[in-house]
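**Q** Remember, this note's numbering sits 2 above the position in the sequence shown when you count from 1. We put the CB at the ideal spot given by N, CA and C, even for glycine. Take a look at this one; I'll ask things after.
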Amino acid sequence: MRELRQEDSKVEVRGFEARHYDTLMNLITLGWYPGFIRQAIFDIGIQPGNKILDFGAGTGRNALLMYKYTGDKGKITALEIGPEMQQQLREKIAPYAGTMELMDLRIDEPLPFREEYDIVFTSFVLHGFIQEKRDIIIQNAYNTLKHGGRFAILDYANFNMDKAAWYMRYAIRKFECPMAEDFISRDTRKMLRAFGFSNFEEYFYFKNYLRLLLAEK
Ligand SMILES: C[S@@+](CC[C@H](N)C(=O)[O-])C[C@H]1O[C@@H](n2cnc3c(N)ncnc32)[C@H](O)[C@@H]1O
């Protein structure tokens, strides 16, 4: 496999794709996405009053879904760097000032949070980084979580790409970041264990190609 370079990643979504991100996700999945994301967020098991940090929060669609569970006594902090994504996020969370906030912070650089949050959530973000940066993101999640807090990673599962259905191979190789295939081929649980996470729980979607992985600090 050729050397992976972060500059080749598509994870920093910009321009037209960013401005229409939610609509595009609904369209390219032929309307499957809204039900899927609602189910995955339900599966996290968020409790009223939970404090959640969303790494690479996108348009804020997921933050709003999580708010249904955290309620007014909880807190959701969205970390997002894309200007188009930030603009949509700001509009979405405006009615919830005090319980939801946006911070313009990079998740692939050391973050200032220490044992403050119950859940760190990240959805379709981790696969877009080279391993060195994934390690910084995982360390950030670990530092941020309270003892017993959970890191919730919604992303591709680990599977053998050569044995995957043709449409999955095609979609990933044609449209995804080059590092997505690297992410899929690694053992994500092992990656997390190295930082001290344990007590894993998994939920699978879309023929087991997608997974919500919950890991406890
Ligand atoms: C594929 S999108 C997923 C968005 C959202 N999590 C979702 O599931 O709808 C990846 C997001 O991560 C953000 N992002 C990429 N690199 C980032 C970084 N280093 N720090 C913070 N956000 C980042 C992008 O701007 C984009 O909104």
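1) When every heavy atom of ligand 1 is checked, does at least one fall within less than 7 Å of the C-beta of S125?
2) Which whole-angstrom value describes the C-beta separation of Y69 and T101, a residue pair presumed to lie in contact below a C-beta threshold of 8 Å?
3) Round the Cβ separation of F199 and F161 to the nearest angstrom and send it over; I've been treating them as touching at under 8 Å.
4) DSSP has L81 in a bridge; who is on the other side?
5) As an exercise, report each continuous alpha helix (DSSP H) stretch of at least 4 residues that is fully enclosed by the stretch 117-167, in chain order.
6) Output the distance between the C-alpha atoms of R92 and F57, rounded to the nearest integer angstrom.
7) Taking buried to mean at least 16 other C-beta atoms within 10 Å of its own C-beta, is N142 buried or exposed?
8) On the CB-based measure, 16 or more other CB atoms within 10 Å of its CB, does K94 come out buried or exposed?
9) Go ahead and label N64 buried or exposed: buried means 16 or more other beta carbons lie within 10 angstroms of its beta carbon, across all protein chains shown.
10) Enumerate in chain order the residues of its own chain whose CB-to-CB distance from K53 is below 7 Å, with the five nearest sequence positions on each side excluded.
**A** By the coordinates alone:
1) S125: yes, Cβ under 7 Å from ligand 1.
2) Yes, Y69 and T101 are in contact; Cβ-Cβ is about 7 Å, under 8 Å.
3) About 21 Å separates the two Cβ atoms, so there is no contact after all.
4) L81 is bridged by DSSP to F57, M105.
5) 133-146, all fully within the stretch 117-167.
6) Computed Cα separation, rounded: 15 Å.
7) Around the Cβ of N142, a 10 Å sphere holds 16 or more other Cβ atoms; the residue is buried.
8) By the neighbour-count rule (16 or more Cβ atoms within 10 Å), K94 is buried.
9) Residue environment analysis places N64 among the buried positions, since at least 16 neighbouring C-beta atoms fall within 10 angstroms of its C-beta.
10) Same-chain partners within the cutoff: G76, K77, E118, Y119, D120.
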